[in-house]
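One rule links them: number in this note's numbering = place in the sequence shown (from 1) + 512. Step one of this worksheet: look at the structure below.
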Amino acid sequence: MERRFGVHARARRALIAALALASATASAAPKGAAAKKQFARGVDAYKHGAYAVAAEALQKSYDLEADTETLFALAQSERKLDRCELALPLYEKLLAADLPVENRKSVEALRDECRAIAVTANPAEPAPPAPAPAPAPAQAATAGAPMVEPESEPPSSVTPAPEGRPWYRDPLGDTFTVVGLVGLGAGAYYLAAGSSADSDKQHATTYAQFRSDSDRAHSDGERGVLGLAAGGALVAAGAIWYATHRGHGHAPVTGWLAPHGGGVGFARAF
């Protein structure tokens with residue numbers, strides 16, 4: 513039974529081109545009488561679902577007269593027989609020819625589909641298990657005492673945990689701390705600027721200057737308070753993060769492969 517796969521828009525266009533083979537006639541290709549006869553026989557067999565007969569006849573036609581129409585029909589017959597290992601080199605040979613752009617896209621889509629079928633049909637075999645370590649040689653027996661085989665310890669199946677990185681090299685904790693310190697510095701600066709503006713308004717000689725200094729003292733004071741509050745909160749968050757995540761190693765990255773797909777997983781303790 514032919515394997516079925518989801519086909520995107522390019523593959524649909526390619527399948528339409530493949531179906532056109534079923535309605536092809538012997539006049540399409542090739543030109544020589546003997547090759548043309550085998551081509552017609554192959555097309556007729558393909559239309560009736562006799563793909564093995566079609567592949568045989570089309571191979572004979574191509575041996576007599578190398579032709580892109582015949583090559584494409586032969587590749588399609590091999591794919592219908594689930595013999596993508598034979599169809600793939602035929603598609604590659606076809607792509608090496610001078611094809612119109614749209615035809616090339618269709619053939620590339622069929623080749624990619626067949627490549628996916630071949631990979632799924634022949635998944636990579638797991639590597640054989642490593643041989644067990646050889647037992648340690650027995651020590652020589654002492655005089656007058658029987659030789660006793662040393663009791664071997666079972667190999668440990670626990671892999672030592674990776675050494676944790678220093679607390680001060682944790683990216684998230686560092687971010688909290690650095691941004692918090694910047695916030696504290698900005699808050700202190702604006703508080704100082706607000707205090708200066710508040711002092712200046714006491715010596716204003718005009719109402720406009722008094723109003724300007726007063727507004728500046730108010731806005732800078734608010735910024736200073738917000739900066740100190742946010743900075744203090746972030747520094748505290750960084751300290752808590754360092755305390756609760758000290759000694760954690762690098763996050764492990766794991767991968768998995770399956771006959772119908774693959775993926776990568778990322779895990780880290782938080």
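Using N, Cα and C, we set each Cβ at its ideal position, and we do this for glycine too.
Pick helix, strand or coil for residue 610, following the three-state DSSP scheme.
What you label residue 610 is simply residue 98 of the sequence shown in a count that begins at 1. DSSP places residue 610 in coil when its eight states are reduced to three.
By the three-class DSSP mapping on this structure, what secondary structure does residue 826 have?
There is no way to answer for residue 826, as the model of the chain reaches only from 513 to 782.
Output needed for residue 716: all residues of its chain with C-beta closer than 7 angstroms, excluding positions within five of it in sequence on either side, in chain order.
Along the sequence shown, one-based indexing puts residue 716 at 204. The answer, listed in chain order, is 722 and 725.
Provide the residue span of the alpha helix (DSSP H) that contains residue 738, from first to last.
To locate residue 738, count along the sequence shown from 1; it is residue 226. Run containing residue 738: 719 to 756, per the alpha helix (DSSP H) assignment.
Tell me whether residue 563 is buried or exposed, calling it buried when 16 or more other Cβ atoms sit within 10 Å of its Cβ.
As a first step, residue 563 must be located in the sequence shown, where it is residue number 51. When all chains shown are included, residue 563 counts as buried.
For the structure I just gave you, are there three or more beta carbon pairs, one from the stretch 726 to 738 and one from the stretch 746 to 759, closer than 8 angstroms?
no
With a threshold of 6 angstroms on Cβ separation, who are the neighbours of residue 613 within its own chain once the five nearest residues in sequence on each side are excluded?
If you number the sequence shown from 1, residue 613 lands on position 101. Cβ within range, chain order: n/a, list empty.
Can you say whether residue 631 is buried or exposed, counting buried as having 16 or more other CB atoms within 10 angstroms of its CB?
Locating residue 631 in the sequence shown gives position 119, counting from the first residue. Under the 10 Å beta carbon count, residue 631 is surrounded by fewer than 16 other beta carbons and is classified as exposed.
What residue from 627, 694, 696 and 748 has the CA that sits closest to residue 685's CA?
Taking the first residue of the sequence shown as 1, we reach residue 685 at position 173. That would be 748, whose Cα lies nearest to the Cα of residue 685.
Between which two residues does the alpha helix (DSSP H) harbouring residue 553 extend?
Along the sequence shown, read from residue 1 onward, the residue named residue 553 stands at position 41. That run of the alpha helix (DSSP H) goes 545 to 559.
Taking the alpha-carbon positions, what's the residue 709 to residue 689 distance?
Looking up residue 709 in the sequence shown gives position 197. Looking up residue 689 in the sequence shown gives position 177. Between the alpha carbons of residue 709 and residue 689 lies a gap of roughly 30 angstroms.
With the cut-off set at 7 angstroms, would you say residue 692 and residue 739 are in Cβ contact?
Locating residue 692 in the sequence shown gives position 180, counting from the first residue. Locating residue 739 in the sequence shown gives position 227, counting from the first residue. No.
In three-state DSSP terms, what is residue 693?
In the sequence shown, counting from the first residue as 1, residue 693 sits at position 181. Here residue 693 sits in helix by DSSP.
According to DSSP, simplified to helix, strand and coil, what is residue 571?
For the purposes of this step, residue 571 is taken as residue 59 along the sequence shown, with counting starting at 1. Residue 571 falls in the helix class under three-state DSSP.
Determine the contact status of residue 569 and residue 550, defining contact as a CB-CB distance below 7 angstroms.
As a working note, residue 569 is residue 57 in the sequence shown. As a working note, residue 550 is residue 38 in the sequence shown. Closer than 7 angstroms, so yes.
Nearest-angstrom Cα distance between residue 700 and residue 757?
Position 188 of the sequence shown, counting from 1, holds the residue named residue 700. Position 245 of the sequence shown, counting from 1, holds the residue named residue 757. Distance from the CA atom of residue 700 to the CA atom of residue 757, rounded to whole angstroms, is 30 angstroms.
Our contact map puts residue 623 next to residue 600 with C-beta atoms below 8 angstroms; I'd like the distance itself, whole angstroms only.
In the sequence shown, the residue the question calls residue 623 occupies position 111. In the sequence shown, the residue the question calls residue 600 occupies position 88. Sure, about 7 angstroms apart at Cβ, within 8 angstroms.
In or out: residue 604 buried (at least 16 other Cβ within 10 Å) or exposed?
Taking the first residue of the sequence shown as position 1, residue 604 is located at position 92. Taking every protein chain shown into account, the CB of residue 604 has fewer than 16 other CB atoms within 10 angstroms, so this residue is exposed.
Outcome for residue 719 when other beta-carbon atoms lying within 10 angstroms are tallied against a minimum of 16
Translated into the one-based positions of the sequence shown, residue 719 becomes position 207. By the neighbour-count rule (16 or more Cβ atoms within 10 Å), residue 719 is not buried but exposed.
Do you know offhand how far residue 729's Cα is from residue 705's?
Counting from 1 along the sequence shown, the entry for residue 729 is found at position 217. Counting from 1 along the sequence shown, the entry for residue 705 is found at position 193. The alpha-carbon atoms of residue 729 and residue 705 are separated by roughly 7 angstroms.
How about residue 547 and residue 573: are their beta carbons less than 7 angstroms apart?
Here residue 547 is taken as the residue at index 35 of the sequence shown, counted from 1. Here residue 573 is taken as the residue at index 61 of the sequence shown, counted from 1. Yes. Within cutoff.
Supposed contact pair residue 542 and residue 577 - C-beta distance, whole angstroms, cut 8 angstroms
Counted from its first residue, the sequence shown places residue 577 at position 65. Counted from its first residue, the sequence shown places residue 542 at position 30. At roughly 4 angstroms, the Cβ-Cβ gap stays under 8 angstroms, so residue 577 and residue 542 are in contact.
From the DSSP output, in three-state form, read off residue 616 for me.
For this step, residue 616 is matched to residue 104 along the sequence shown. Helix, per DSSP.
Check residue 541 in the structure and name its three-state DSSP category.
For the purposes of this step, residue 541 is taken as the residue at position 29 of the sequence shown. Three-state result, residue 541: coil.
With 16 as the cutoff for other CB atoms within 10 Å, does residue 652 come out buried or exposed?
On the sequence shown, position 140 is the one that residue 652 refers to. Reliability of the predicted coordinates at residue 652 is poor, the pLDDT of 44 falling under 50, and the value obtained from them is presented with this limitation in mind. Counting Cβ neighbours within 10 Å, residue 652 comes out exposed, since fewer than 16 surround it.
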